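Contents: one structure, followed by commentary.
2 protein chains.
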Amino acid sequence: MCQLLGMNANVPTDVMFSFDGLARRADEHRDGFGIAFFEDKGLRTFVDQHSARESPVAALVRRYPIRSDNVIAHIRKATQGRIALENTHPFVRELWGRYWVFAHNGDLRGFRPRLHAAFRPVGDTDSEHAFCWLMQELAKSHASVPTVDELTLTLRELLPQPAAHGSFNLLLSNGQALWAFCSTKLHVVERAHPFGEATLADDDVSVDFAALTTPDDRIVVVATEPMTCNERWMAMRPGELRAFSRGAPLTVH
Amino acid sequence: MCQLLGMNANVPTDVMFSFDGLARRADEHRDGFGIAFFEDKGLRTFVDQHSARESPVAALVRRYPIRSDNVIAHIRKATQGRIALENTHPFVRELWGRYWVFAHNGDLRGFRPRLHAAFRPVGDTDSEHAFCWLMQELAKSHASVPTVDELTLTLRELLPQPAAHGSFNLLLSNGQALWAFCSTKLHVVERAHPFGEATLADDDVSVDFAALTTPDDRIVVVATEPMTCNERWMAMRPGELRAFSRGAPLTVH
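Which chain is which? The protein sequence lines are A and B, in order.
Those letters in the first sequence? Residues 594 to 846, by my numbering.
Those letters in the second sequence? Residues 594 to 846, by my numbering.
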C-alpha cells in the first residue's frame, strides 16, 4: 500500500523529521516518491520514480530544511499504472490561479468518468484520472476561487463518488488549506504548545519539538499510519473529510 | 537580463556541464533559477527563488546526472514580479494530457490579453501571463494534441503578438520537441558525431563529449549567450522560431 504524509502549519515548518520516517518505510514502496511544498502560492515539487531509500532527490529532501505551510508527500507502491515519472504522485494542476496538489493511496476500479474539460491525465493511473475529474468538477461548481469552507462543502459532495469505486484515501492542498479524505485508513496528530518529544515509530529517532518551535506554533500532520509512537494520533473514520488551515482543524457545517 | 538554457537530444542526456556553466553566470542573476527535465511524458522540475550559486537545489542539479531528452533552464533577474517562488521560471501547465514547460527572457510592456480559458497565472509576472495566453490560444487552435509540425505553424502565428510588446526570447517544450523563439538574443549549437571537446566560456572547465557519447547521439543546445568558447554557436535572427526534435532542427514550411 502507498503511504501518504501531509502537513499543515500556521508558520512555515520543515518536515525533515516526518519525511525521514516516511522514507524509512520505503522498503516495501520501491516504486517512487514525491513531495510538494507550498510557500504561500508558490510550489516546489520533487518527484522520483526510484525508491525514497535510494533517490538522491529524497536524500536532498531529508537534509534540506525547506520550510512550508502545506506539504503533501507520497511513497508509491504501484497498483495501477507503470513505474514511470508521469505516474508518480503528487500530481499538480492549476485552477483559478492557484496550484492544486493531490496524492492518493488506494485503488479505484471502474472509475473512469468522462473528462470533458481542461484537465487531462498525463500518465495512466486511476489516481491522476480521479484528480482530473475532481478539478473538472470543482471548476464547474465555482466561477472563481471560493473560500476554504465553500471548497470543503463541495469536496464533501464530490469525494464519495470515486470512493464508492474502491479505496480512496487522499490529500489535497491549494496552499490555503490541507484536505484529508479517509476511505479506509488515515491518521491525524495535532501539535501545539506545550510541545513535547516525539519518537519515530519505525526507528529509534527522536526530536524535541519544544526546542524547534515557539508557543504560538500549530502543526497538523496526517499520515496513513501513525508516524510516532508517543503522540496521540487519531484515526479518521471511513468517509470522513477534514480540512486544516493555519495548523488547526476547521469545522464546516 | 535572465539567462535561458534549453537542450533537446535523441537519447536521454545529462546537462550537468551546461547547467554548471549557467550557474557560473548566476552572480548577476540572484533572483532565482529553475530547471525542468522531461523523461518521456514525465516531468521533473526544480525551482528556487535563491541564487543558483547558493541554492542546495542547484547544487543537487549540478552533481546529479539526470538524463533527459528535453530540458529547459532559466536563471532569473527580476524585472517584473516580486522575487518569490511563484514567479520563478520555468512555468508548467497541462494541455491535451501533456505537460508544457515555458521560460522567458525579456520584458513585455502592456501585453495583458484577457484570459478567458482554463489557464491563469499564479504569480504576477508578465512571463506567466504570456504563457497562460499562449496555452489558451493553442487550446483554441487545435481540438487535441497536434503534430509537432502543426504546433510549430501555430506558434509561428501566435508568438509575434506578445513579441511586439517588448523582448520575448523563449523556450517551450511538451516533451516531444523544444521550441526556441528569438526576439533579441538566442544562440544554438548542434552537437553530433564526431564529438569534440568543449570548454565553458566563463571558466576553464572542459568536457570531452566524445568520451560520453555514441556516434548516433545528436544534441541541440540553445542558450542566451554561447556557453562554450570553442564550438560553432549560431545566433538566431530576431523573430525567428526554431523547433528541435530528437536532437535535430525541424524544417516546417
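Backbone N, C-alpha and C fix where the C-beta goes; we use that ideal spot for every residue, glycine too.
Note that the structure is predicted; figures quoted are calculated from it, not measured.
Taking the alpha carbon of residue i as the point to measure from, which residue in the options has its own alpha carbon closest?
i	options	result
M609/A	Q642/A, A652/A, S644/A, N603/A	A652/A
P706/A	G690/A, F724/A, L763/A	F724/A
P819/A	V813/A, M827/A, P753/A	M827/A
I676/B	C822/A, F695/A, D633/A, R617/A	D633/A
S838/B	D662/B, D797/B, H667/B, V694/B	D662/B
R623/A	S644/A, D797/A, V604/A, D700/A	S644/A
C775/B	A816/B, V640/B, E790/B, T792/B	A816/B
G716/B	Y692/A, V782/A, R617/A, H780/A	Y692/A
A757/A	R702/A, T792/A, E721/A, K778/A	R702/A
F704/A	T745/A, R669/A, F761/A	F761/A
F631/B	V845/B, P649/B, T606/B	T606/B
L615/A	L597/A, V738/A, L763/A	L597/A
P842/A	Y657/A, A803/A, H786/A, W772/A	W772/A
L763/A	G789/A, A791/A, F684/A	F684/A
If you count every other CB in all the chains shown that lies within 10 Å of the CB of residue i, and 16 or more means buried, which is it?
i	result
D613/A	buried
S611/A	buried
P714/A	buried
D641/A	buried
R825/A	exposed
H697/A	buried
S720/A	buried
E743/A	exposed
C822/B	exposed
E687/A	buried
Rounded to whole angstroms, what is the Cα-Cα separation between residue i and residue j?
i	j	result
K733/A	M829/B	44 Å
Q769/A	P755/A	24 Å
L748/A	K670/A	26 Å
H682/A	E647/A	17 Å
K778/A	T806/A	29 Å
V654/B	L727/B	29 Å
G690/A	F626/B	21 Å
F695/A	R811/B	37 Å
D809/B	N603/B	9 Å
Y657/B	L678/B	22 Å
G832/A	D801/B	59 Å
N680/A	I668/A	12 Å
V782/B	G840/B	11 Å
Would you identify the three-state DSSP class for residue i, choosing helix, strand or coil?
i	result
A629/B	strand
M609/B	helix
P714/B	coil
R617/B	helix
V798/B	coil
V845/B	coil
N680/B	helix
D704/B	In the sequence as presented, Asp is not what sits at residue 704/B; that position holds Phe. Coil at F704/B, not helix or strand.
L779/B	coil
M829/A	coil
L746/A	helix
D719/B	helix
W772/B	strand
S760/B	strand
L751/B	helix
Interface residues of chain B around residue i at Cβ under 7 Å?
i	result
V715/A	K634, E687, G690, R691, Y692
At a CB-CB cut-off below 8 Å, which residues of chain B make contact with residue i?
i	result
T638/A	T638
L653/A	P649, V650, L653
Show which residues of chain A have a CB atom less than 9 Å away from the CB atom of residue i.
i	result
A711/B	E687, L688, A710, A711, F712, A732
A677/B	E632, D633, K634, G635
Run down chain A in chain order and give the residues with a C-beta less than 7 Å from the C-beta of residue i.
i	result
L834/B	Within chain A, no residue comes near L834/B; the closest Cβ sits about 25 Å away, beyond 7 Å.
Listing by chain order, which chain A residues have their CB less than 8 Å from the CB of residue i?
i	result
L764/B	What L764/B touches in chain A: nothing, since even the nearest Cβ is about 20 Å away.
Does residue i get closer than 8 Å to chain D when you measure Cβ to Cβ?
i	result
D719/B	Going by chain labels, chain D is absent from the structure shown, which instead holds the protein chains A and B.
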